[in-house]
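Colleague: Read in order, the letters of the sequence shown correspond to residues 2 to 473 in the working numbering. Beta carbons are placed, not taken as given, at the ideal position from N, Cα and C, and that holds for glycine. Below are the structure tokens for one structure; questions will follow.
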Amino acid sequence: MRSAMAPSQGSRMLSKDDANYKLHFRMINEQQVEDITIDFFYKPHTITLLTFTVISIMYFAFARDDGDSDNNLRVGLLLVGSFFLVISVLAFPNGPFTRPHPAIWRMVFGLSVLYFLFLVFLIFLNWDQVKALLYWLDPNLRYATREADVMEYAVNCHVITWERILSHFDIFAFGHFWGWAMKALLIRSYGLCWSISITWELTELFFMHLLPNFAECWWDQIILDILLCNGGGIWLGMTVCHFLEMRTYHWASIKDIHTTTGKLKRAVLQFTPASWTYVRWFDPKSSFQRVAGIYLFMIVWQLTELNTFFLKHIFVFQASHSLSWCRILFIGIITAPTVRQYYAYLTDTQCKRVGTQCWVFGAIAFLEALACIKFGQELFSKTQVLYVVLWLLCLAFITFLCLYGMVWYEQNYSKKLKNIADFDDSTLIDPYDHIPQTAKAERNSSSNSTSSRRRKGGSGKNKTINGTSGKK
């Protein structure tokens, strides 16, 4: 009887490779919090949330006046979204980040799912229904005009004066600078940031026949945009990245800090990263799949940027409208876990699928583009197919140049990079320090079982730097 049951029990046990795979996927999709110091903030509180939810529904259902049908719809939709976020906190994964609290990133993922479902709903409406929906959200949109209809672009480019140059340093110039600083913090690669920055200016040129506001004077596009605003933002973001890479991350419990100032400082630092990942998008032995993944990354990035301009042009609202800047802020927030998950999928051979936030982000980007195409058929009927093909070819060429430049840099400065990597190993925390001890045991058993296979593949000590493998 015992021998007959043994195979059945063994079949239910995960293989060591499967355990290793689940461990790597959990690191980007369900990051755990280690060294919890205040238990109250990390307990589930499911009964408390259920009680709060029921009482809230009872209050809004019976205590408020339901005579205004328009207000009923607004309150109903608002509560549907709010309670969906409550369910998100209970059921959705943490994602790759745990600061300042995993519940916040669960709600971010919940908001992205809500936006995804809204886009699916929007696609099945007709144009009259879409306009009625927009006017219901904001009646002032009835009188909105396109910026391209009231402004002129790329006029008198030969006239270059200090007064005219300084007039371009407005809130949008600061938005370019600050936006690229944030993008550099997410991408963490000079080569990739500069490639995306330059290809975006080329994207504006290739789509200028559809969006007149893409037309810019040469000095505005090259000097102000690429060099000053974008370049300055990239430099600032990468400087912060290098500073965070060189830090030693040892977090003290707030219970062990006895001064009020120290406790306040530790509370503020809870909103900073728990660790910092050393990023290496390319290496001299990059496979074709990895290069193709970088190419896809650049296309989706450009598509997301294009959606920003096509959405406000087709649905007629200006850049200063809340629909525009709220979407930009929201996309910026969900981009952070998306880039982390996609990087792990692209560079970690043990990560076999993309994270959930990355999947939803990709779906949102393509659904936004699909909505623009459906409701902007008159605009897209003027598309010059040759320009789109040339745009894709330029992206491929610049991706290749980016790869070649990074490989050349690493081959010529490999010793310096190796020293930096060794320093990171000695100062940065192990990424597995954020996972439970049981998972660490799984990782250790998996690494022990695969040590013989590593020796067959090549000599030397194998090391792991924040989810990416390489040889020391």
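(1) Counting pairs of Cβ atoms below 8 Å between the stretch 338 to 354 and the stretch 369 to 376, do you hit three or more?
(2) If I'm right that F318 touches A62 with Cβ under 8 Å, what's the distance once you round it to whole angstroms?
(3) Going along the chain, which residues of its own chain have a beta-carbon closer than 7 Å to the beta-carbon of V114, five neighbours each way excluded?
(4) So what's G234 in DSSP terms, helix, strand or just coil?
(5) If you reduce the DSSP assignment to three classes, tell me which class P140 lands in.
(6) Which class does W282 belong to by DSSP, given the choice of helix, strand or coil?
(7) In whole angstroms, what separates the C-alpha of F85 from that of M299?
(8) Taking only three categories from DSSP, how would you classify V390?
(9) Using a Cβ-Cβ cut-off of 6 Å (strictly less than) and excluding sequence neighbours within five positions of W282, which residues of its own chain qualify?
(10) The alpha helix (DSSP H) spanning H314 covers which residue range?
(11) By the three-class DSSP mapping on this structure, what secondary structure does W277 have?
(12) Given a threshold of 16 other Cβ atoms within 10 Å of its Cβ, counted over all protein chains shown, does P97 qualify as buried or as exposed?
(13) Taking the alpha helix (DSSP H) that I332 belongs to, which residues open and close that run?
(14) Indicate the three-state DSSP secondary structure (helix, strand or coil) for S382 in the structure shown.
(15) Would C218 and A155 qualify as a contact pair, given that the criterion is a beta-carbon distance under 7 Å?
(16) Can you tell me whether H435 is helix, strand or coil according to DSSP?
(17) How many Å lie between L394 and F311 at the Cα?
(18) Do V340 and L187 have their CB atoms nearer than 7 Å?
(19) Cutting at 7 Å between CB atoms, please list the residues of its own chain near G363, excluding the five before and the five after it.
(20) Between W181 and I255, is the Cβ-Cβ spacing less than 7 Å?
(21) Quick one: what's got a C-beta closer than 6 Å to G176's C-beta in the same chain, skipping five residues either side?
(22) Below 8 Å on the Cβ atoms is my contact criterion, and I expect A174 with C230 to pass it. Report the Cβ-Cβ distance as a whole number of Å.
(23) For L79, which of V90, G68, S57 has the nearest alpha-carbon?
(24) Grouping DSSP H, G and I as helix and E and B as strand, with all else coil, what is A216?
(25) Can you find at least 3 beta carbon pairs, one from the stretch 203 to 218 and one from the stretch 384 to 398, that sit closer than 8 Å?
Modeller: Looking at the atomic coordinates:
(1) As far as the Cβ criterion goes, the stretch 338 to 354 does not touch the stretch 369 to 376, which means the pair count is below three.
(2) With 8 Å as the limit, F318 and A62 do not qualify as a contact, their Cβ atoms being about 34 Å apart.
(3) Excluding positions up to five away in sequence, the list reads V361.
(4) Look at G234 here: in three-state DSSP terms it is helix.
(5) Note: P140 maps to helix in three-state DSSP.
(6) Under the three-state reduction of DSSP, W282 is assigned to coil, being neither helix nor strand.
(7) Within the model, the alpha-carbon separation for F85 versus M299 is close to 32 Å.
(8) DSSP places V390 in helix when its eight states are reduced to three.
(9) S190, L193.
(10) Note, H314: alpha helix (DSSP H), 289 to 315.
(11) Under the three-state reduction of DSSP output, W277 falls in the coil class, being neither helix nor strand.
(12) Label assigned to P97: buried.
(13) Annotation for I332: the continuous alpha helix (DSSP H) segment containing it runs 323 to 348.
(14) It is coil, neither helix nor strand.
(15) In this structure, A155 lies closer than 7 Å to C218 by Cβ.
(16) Note on H435: pLDDT 42, under 50, position unreliable in the model; no value is reported.
(17) Answer to the nearest angstrom: the Cα atoms are 22 Å apart.
(18) Yes. Within cutoff.
(19) The residues are V301.
(20) With a cutoff of 7 Å on beta-carbon distance, W181 and I255 are scored as not near each other.
(21) Listed in chain order, the non-local C-beta contacts of G176 below 6 Å within the same chain number zero, local neighbours out to five positions each way being set aside.
(22) Separation of the CB atoms of A174 and C230 is rounded to 5 Å, and the pair is thereby assigned contact status at 8 Å.
(23) Cα-wise, what sits closest to L79 is S57.
(24) A216 falls in the coil class under three-state DSSP.
(25) Contact annotation: the stretch 203 to 218 touches the stretch 384 to 398, with at least three C-beta pairs closer than 8 Å.
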